[in-house]
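Presented below is the structure to which this report refers.
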Amino acid sequence: MSHRYLLLNEGSSSKRRVFDKLIILTTLVFVGGLIFTMVSKEEDPKDYSHVFNAFHDCVHPKLNHLKGNYEQFWHSFTNLTVGCDNLEEYKALDIRPAKNRDEIKYVAFPRQDEHLTMVTLGIGHDVNAEVKLKELYPNIEFFGADPASDINRDLYVNTLGGKYFEYAVSGTSGMQKSRVFEKEKYEEEITKHIGVDYFFKNVLHKDRIDILWIDIEQNEYPILEQLHSNGLIDREGVKICQINVELHKDIFEPNSEVEMMKFHDFVFKLLEDKKYIMMKPVYVKYRTFRFIRTFIVNVSDKECTDLYLK
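Heads up, the sequence shown is in the working numbering, so the first residue is 1421 and it goes up one at a time.
Shown next, in the form of structure tokens:
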């Protein structure tokens, strides 16, 4: 065999080896990419937009014709939307009642055992529902705020085993008007308020509030306005997973349209924001006062949906 033939043969073998290596490398890259794609898909957060879409598609057509009509919107909201409470998509939530002396609150129970944070704004001499909730799910840390320490401190600390804060939590900090429940009746007073965003982030040091109950006699509106995307609570990085709230009117200014307008705007912003759903609405007449109770659930933030939706 000639020297020339050996050189040609060695060159051809060398090229084949390089080519084979390229094929192996390409195969490995392709397989690795396929595995990565499959794993990534498994790790993607679940999409619960269908839950919000079901809420929107049921509620929006019933309310849209009342846009801008604040008074009729207020008085008709419950009757118009109560039929949207039993949507098939809501079966992703394990919703259970918790009864106080004169009302029923609702709780979406977690799908896995995890430590929960609950906040009550406006204790009102009644922690029956919180006590019942603690019996059903002991792994909850309770925080309560109410400017009237008489009775409320003892109930929240000694009966419930929670932590009590003697001030009103609302939209901003400072001395402001409050309607305070003392000696079995409400009195209008100037009390110390603390901004809700500061309270969650810098007093409680919490980035996620699992259960929030609000009954603060018309000071709820400045809090609700902060729930939306890019609101103060949202910008602080605090997630609110579920809320029971009373929305009032005519507390400080009888026959005023302001609260009805705020309620109207909040609902339509909720529909636009694609973050929360509203359910279990109840229209309440109490003496000369009117208010709406409702249950609000976060179906957008992963920390909440991972825990409460299946």
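For each residue, glycine too, the CB sits at the ideal point set by N, CA and C.
By the neighbour-count definition (other C-beta atoms within 10 Å, threshold 16), residue 1558 is an exposed residue. Measuring C-alpha to C-alpha distances from residue 1617 to each of 1693, 1625 and 1491 identifies 1625 as the nearest. Within the model, the alpha-carbon separation for residue 1482 versus residue 1646 is close to 25 Å.
Per DSSP, residue 1701 lies in no alpha helix (DSSP H) segment; the continuous beta strand (DSSP E) that holds it begins and ends at 1696 to 1706. Secondary structure at residue 1496: helix, using DSSP grouped into helix, strand and coil. When the beta-carbon positions are compared, residue 1718 and residue 1659 come within less than 8 Å of each other. When only Cα atoms are considered, residue 1577 and residue 1610 end up about 25 Å apart. With a 10 Å radius around the Cβ and a threshold of 16 neighbouring Cβ atoms, residue 1590 comes out buried. Between the C-alpha atoms of residue 1668 and residue 1527 there is a straight-line separation of about 21 Å.
In the three-state scheme derived from DSSP, where H, G and I count as helix and E and B as strand, residue 1666 is classed as strand. The beta carbons of residue 1492 and residue 1500 sit no closer together than 8 Å. Annotation for residue 1718: the continuous beta strand (DSSP E) segment containing it runs 1709 to 1718. Within its own chain, the residues whose Cβ lies closer than 6 Å to the Cβ of residue 1584, once the five positions on either side in sequence are excluded, are 1564, 1573, 1576 and 1577, listed in chain order. The beta carbon of residue 1490 sits closer than 7 Å to the beta carbons of 1677, 1680, 1681 and 1684 from its chain, once the five residues preceding and following it are set aside; these are given in chain order. For residue 1613, the three-state secondary structure derived from DSSP is strand.
Rounded to whole angstroms, residue 1711 and residue 1468 show a C-alpha spacing of 30 Å.
With a 10 Å radius around the Cβ and a threshold of 16 neighbouring Cβ atoms, residue 1640 comes out buried. Taking each of 1686, 1649, 1562 and 1532 in turn and checking the Cα distance to residue 1665, the smallest one comes out for 1686. Residue 1537 and residue 1651 have their C-alpha atoms some 21 Å from each other. Per the DSSP secondary-structure output, residue 1539 pairs in a beta bridge with 1563 and 1632. Of the residues assessed, residue 1595 falls on the exposed side of the cut-off, its CB having fewer than 16 other CB atoms within 10 angstroms. Collapsing the DSSP output to three states places residue 1623 in a helix.
In the displayed model, residue 1686 falls within a helix according to three-state DSSP.
In the three-state scheme derived from DSSP, where H, G and I count as helix and E and B as strand, residue 1554 is classed as helix. The region 1517 to 1532 and the region 1543 to 1553 touch, with no fewer than 3 CB-CB distances between them shorter than 8 Å. Bounds of the beta strand (DSSP E) holding residue 1517 are 1515 to 1519. Closest in alpha carbon position to residue 1586, among 1560, 1562, 1730 and 1614, is 1614. By alpha-carbon distance to residue 1720, the top candidate from 1654, 1496 and 1539 is 1654. DSSP, read as helix, strand or coil, puts residue 1486 in helix. Straight across, the Cα-Cα distance linking residue 1670 with residue 1466 is about 42 Å. Judged by their CB atoms, residue 1566 and residue 1582 are not nearer to each other than the 8 Å cut-off.
DSSP, read as helix, strand or coil, puts residue 1469 in helix. For residue 1512, the three-state secondary structure derived from DSSP is helix.
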